[in-house]
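Each remark here refers to the structure printed beneath this line.
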Amino acid sequence: MDWKISDLKELEDKIWRCTACGTCKVAYEYGPPTRSADICPAGAEFGFEGFMASKGKIAFARGLLSGELNWDEDLLDAIYKCTVCAGCQSQCQLDHKPFIPEIIEAMRRKAVEDGVGPMPSQKKITQSLRSYNNPYQGPRRVRTDWTRPFKKAKRPIKDINAEPAEVLYYVGCTGAFNLPARSVPVATASIFQKLGVDFGILGENEICCGSTAMRIGDASEFKRVAEENLHTFQRLHKEGGVKTIVTSCAGCYRAIKKDYSLASGYTEALDGIKVIHTVEFLYNLLKEGKLPLEGSIPWKVTYHDPCHTGRHLNKFIIDEEGSQLWKGAYIGLNEEECLYDIPRELLKAIPGIELKEMGRIRANSYCCGGGGGVMTGYGEWAASNASKRISEGMETGADYMVSICPFCHYNLNEGAKRIESPMKLLDLVELIDRVLPSLD
Amino acid sequence: MHARNKELIVKELQSIVGEKNATGAKHICYAYSYDLSFVKPKLPDFVVMPSTVEQVQGILTFANKERIPVVPYTAGTNIGGLTIPERGGIIVDLKRMNKIIEIDPEALVAVIEPGVSHAQLAAALAPHGLRFGWPVGPPSASVSSCAISHGIGGMNARYGLQSQEITSMEVVLPTGEVVRAGSCAINPEAWHSVLPMPQLDGLFKGWLGTTGIVTKLGINVHHSPPLLKIFTVCCDNVDDMYSYMLNLSNYEICDDLTGVSWWLAQVPIPYPYKPKPEKDPEWFSYATTYSFTQKEKESKEEIWSLVLDQEKQKGTSIKETHYPEEALKARTQLPSQIVGSTKNYCKQGGAGISWPGTFTPAKKWAPVYKKWKEILISHNLSPSVRMSMYRGVHYGMLRAMIPFNKQSEKETENARQAIVECLRVDLDMGGIPYKPPVDFAVEINKRAHQGYLMLLKKVKAMLDPNDIMNPGKLGF
Ligand SMILES: Cc1cc2nc3c(=O)[nH]c(=O)nc-3n(C[C@H](O)[C@H](O)[C@H](O)COP(=O)(O)OP(=O)(O)OC[C@H]3O[C@@H](n4cnc5c(N)ncnc54)[C@H](O)[C@@H]3O)c2cc1C
Ligand code: SF4
Ligand code: SF4
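Listed in order, the protein sequences are those of chains W and V. Numbering-wise, my numbering puts 15 at position 15 of the first sequence, and it's gapless, one number per residue. Numbering-wise, my numbering puts 1238 at position 238 of the second sequence, and it's gapless, one number per residue.
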């Protein structure tokens, strides 16, 4: 497969659109009411302008391209101290806006190609990918540990390679290997069984989506797993009749929807297959009146928009031909695919739930701090950033924070523990599972 | 600088502000070496981020002893290279000193630290129904830096410059002492006024960070009346626009009374120069008014209609118009991300923006504009000019916002030459540039009264005997 993954040099003209105005440093809304808050976890933590939002990252990119900056330990460290959350991107209005996360990742790709990146602590991610096809150094057989309760209850989950199913539930490595986040696939599978969805999993044969490799600049490892996955999806469609791939992981979702689309055979590989996040799948059922929510959960909750199911799914409208403004001009934004309203609608549909919004939501959501390889590379910072988000959630008066990403799930719970907050993060599927009538 | 020496200095700075808040790392310094303007990039040697007044004192005392240049920095958006160090040294990045110390909704005073941004203050004032004269600049830029640099905001026709809103200040001198000017000098709780004392705050306003580091600032804030009415007109030429603005300004009903040329009314400014369509008016104006009651609003409308009639009777081409929507939003819904992110200025040009930004007697606006137009078009640049009337007097801001492609050295130099040429024209007609880059400072000094220069140098030497504060920026 051919891939359209830009290197830093190819992005040079975009990099030179940045004026260094610094508007990307603050989540600001005129309103009314007028709101202003930090948007960049790296800037909030490390302070110097180089760390600050896209303004800072583009400074590094310029220096690397012009040869004024050369790799050393500190520069390498600085380009990895970024969660690639795209909060900065939401603020910028210039022509390089659509490419901001790409510019950051292209620097990382350069670091990997030049033999210096990723950070030593992140190297275990790609080593693990090579050895185990997952970033958690988890043996294959552990991947299905979460399914044990289902076996025990005599409701085994289909192995889609052995038994055909219409829906492939692509679990993702975090849900499968990260113990605290296992509640996400458990609840998802439980919901599907209760609803009678004909679904299966790849089980021990599932391999990583490649998101983490891509985020830390290892394009070749990303391409290896992505290509294998695309072939698997195609095979399952042709041979097993899979029509839908559902994932409850924001990272996998973003990778399959967006990163995989850089492959030459993407459209053909996914021809006849719909890739959908669990919450959208459930929302569609809700609209059709097929999601019977019973009982009540009398909680106040706040909702955290994961970066990967939110602003990372923006579609940027660019004047490719130069027919409206000029060639390459950024024209506007299509947020249609961003999962902002759907999880909120689902939450509101749960009897008893009262949704209390935080100040920074939707496109201005404040990253949990775990993305972009930060959770592995800088665990302490990831957790302390998560504590800030948990504190923001507490200010709303909510009892729980809800989200739709196992990564955020793990990191925000770590953040809560760090500050001994009573607030816990739950995945939306965990709540829905509670109010879906049980099978028995 | 010798590496060993550099290491020792970093250690010393870290002992003042903490290990994580001082560095000499090249990549960190690099991000402070350039800004939006045509000013050539230059590297600082160190960056420090103090969070207390004591730390600022420590930095300055040390720098003064070692004779290391110091450049105060908040966001670096001044469009004049004013935080690009002429002679290396220490960037003192004040973003961590970002406390809003007090908002007194009764006294209408806010006390802020230098790192407080326009966005932050706007969000804090909003619940009190209060506002400030926000500039059409980045929401992330500093309120105090704008004020001490004689910045211009959305209420300049009513209250004057941002610096005229300053009520008190605390400053650390280059030699490390903490000083105060205004009422807070007599009573530490009183931040209401710089008068009737000698205006010592003048020692730190308009000095481009060359006389000390402001650590606290008192500013006046104002009630935000609920009824906004923006009067928008257009006309065929600058003389007619001047006539209208002069006339309307006499009634003192506007918060902001601004005229912009066709090129500046575009989002974005065309780059390179593009001729205006023949049928389009050459000038637009927006005049913002706020009222507390419907009646007040109606009487402002009555005045404005009167002015419009008078201008028509005079035979000018002034007529009511629909101002381009996004441009109007960008200039009246402040602080604004549209202007802040330079979308309306640089989106087509690319990365660079500079201005001949001046305070010019209103009667010279038209002749200066005509010359500027010739110069800018001859450099293939848009004459994107703005004129704004100041508080009840007939002088104001005259500036051309000039975007350029900073990726190209040639295009950057072309813009620089055009802008300096424009500046000379304005200076010769009695205008004075604000936030001047060194190129402008040199032009100012060439024309300055010898007594003024002597006094300037004496004051500077008194406050900063070792010339450590932002050296070179005053053009000597
Ligand atoms: C698109 C755009 C539009 C703009 N429009 C306007 C406008 O309408 N009106 C306007 O007035 N400005 C405007 N500006 C300029 C600029 O945004 C403002 O002046 C801004 O408030 C400066 O803040 P800053 O934090 O960037 O200051 P900086 O650039 O960091 O500093 C400005 C100057 O103050 C000095 N300084 C900083 N902090 C201190 C301190 N604590 N003590 C002493 N000296 C200090 C610096 O050394 C420097 O000389 C615009 C800028 C842009 C990019
Ligand atoms: S990335 Fe965009 S918002 Fe940030 S400094 Fe550059 S131009 Fe401004
Ligand atoms: S992607 Fe997120 S962490 Fe990285 S610079 Fe932008 S706002 Fe900061």
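We put the beta carbon where it would ideally sit given N, CA and C, even for glycine. All values reported here derive from a predicted model rather than from experimental measurement.
Any chain W beta carbon closer than 7 Å to residue i
i	result
V:S1149	no
V:M1049	yes
V:H1027	yes
V:C1146	no
V:S1378	no
V:Y1030	yes
V:Q1120	yes
V:P1437	no
V:A1075	yes
V:A1441	no
V:L1094	no
V:L1161	no
V:P1138	yes
V:L1130	no
V:A1185	no
V:L1013	no
Residue i versus residue j: straight-line alpha-carbon distance, rounded
i	j	result
W:G397	V:F1038	50 Å
V:P1272	V:P1403	9 Å
V:R1416	V:S1117	29 Å
W:A269	W:H231	7 Å
W:G415	V:G1202	48 Å
W:A189	W:I432	12 Å
V:T1052	W:E45	17 Å
W:N411	W:R130	25 Å
V:Y1251	V:S1299	11 Å
W:K327	W:D319	6 Å
W:T278	W:V171	10 Å
W:M214	W:D77	17 Å
W:A42	V:P1072	22 Å
W:E354	W:P33	22 Å
W:E221	W:C82	21 Å
W:H237	W:G210	21 Å
W:F150	W:V186	9 Å
W:E68	V:H1027	9 Å
V:W1355	V:R1424	13 Å
V:E1326	V:K1406	25 Å
Boundaries (first-last residue) of the beta strand (DSSP E) holding residue i
i	result
W:S128	First-last for W:S128: 120-132, but that is the alpha helix (DSSP H), not the beta strand (DSSP E).
V:R1180	1178-1182
W:T174	Careful: W:T174 lies outside any beta strand (DSSP E), inside the alpha helix (DSSP H) at 173-177.
V:K1229	1227-1235
V:N1220	1213-1220
Beta carbon proximity, residue i to chain V, threshold 7 Å
i	result
W:G295	no
W:A78	yes
W:D74	yes
Start and end residues, alpha helix (DSSP H) containing residue i
i	result
W:D433	428-435
W:R182	Counting along the chain, W:R182 falls outside any alpha helix (DSSP H), and DSSP gives it neither H nor E.
V:M1462	1450-1463
V:V1307	1294-1313
W:I201	No alpha helix (DSSP H) contains W:I201, which is instead part of the beta strand (DSSP E) from 199-201.
Notebook entry, point to check: What alpha helix (DSSP H) runs, 4 residues minimum, are completely inside the stretch 1316-1402 of chain V?
Noted result: 1325-1332, 1337-1340, 1343-1346, 1365-1378
Check: the stretch 36-69 of chain W: which residues have C-beta closer than 7 Å to a C-beta of chain V, in chain order?
Finding: For the stretch 36-69 of chain W, which is checked against every Cβ of chain V, the residues closer than 7 Å are S36, G47, F48, E49, G50, G56, A59, F60, G63, E68, L69.
Next item on the list: Pull out every residue of the stretch 1209-1233 of chain V whose Cβ sits closer than 7 Å to any Cβ of chain W, in chain order.
Entry: none
Margin query: Just to confirm the assignment: which complete beta strand (DSSP E) runs, minimum length 3, are found wholly within the stretch 212-256 of chain W?
Written below: 244-247
Note to self: Short of 9 Å Cβ to Cβ, which residues in the stretch 3-34 of chain W face chain V?
What the structure shows: E12, D13, I15, W16, R17, C18, T19, A20, C21, G22, T23, C24, K25, V26, A27, Y28, E29, Y30, G31, P32, P33, T34
Notebook entry, point to check: What runs of the beta strand (DSSP E), each 3 residues or longer, lie entirely inside the stretch 1061-1136 of chain V?
Noted result: Counting whole runs of 3 or more residues, the stretch 1061-1136 of chain V contains the beta strand (DSSP E) stretches 1070-1073, 1090-1093, 1100-1104, 1109-1112.
Margin query: Which residues of the stretch 1339-1350 of chain V have a Cβ closer than 7 Å to any Cβ of chain W? Give them in chain order.
Written below: From the stretch 1339-1350 of chain V, only G1340, S1341, T1342, K1343, C1346, K1347, Q1348, G1350 have a Cβ closer than 7 Å to chain W.
Next item on the list: Mind checking the stretch 91-106 of chain W against chain V and listing, in chain order, the residues whose C-beta falls within less than 8 Å of any C-beta there?
Entry: The residues in question are Q91, C92, Q93, L94, D95.
Next item on the list: Below 9 Å between beta carbons is the criterion; list the residues of the stretch 1305-1325 of chain V that meet it against any residue of chain W, in chain order.
Entry: none
Margin query: Tell me which residues of the stretch 1399-1417 of chain V have at least one Cβ-Cβ distance to chain W shorter than 7 Å, keeping chain order.
Written below: Against chain W - using a Cβ distance shorter than 7 Å - the residues of the stretch 1399-1417 of chain V are K1406, Q1407.
Next item on the list: Scan the stretch 374-393 of chain W for residues whose Cβ lies nearer than 8 Å to a Cβ of chain V and list them as they occur along the chain.
Entry: none
Next item on the list: Give, in chain order, every unbroken run of the alpha helix (DSSP H) that is at least 4 residues long and sits entirely within the stretch 316-393 of chain W.
Entry: 341-349, 374-377
Next item on the list: Could you name each continuous alpha helix (DSSP H) segment of 4 residues or more that falls completely within the stretch 1417-1448 of chain V, going from the start of the chain to the end?
Entry: 1438-1447
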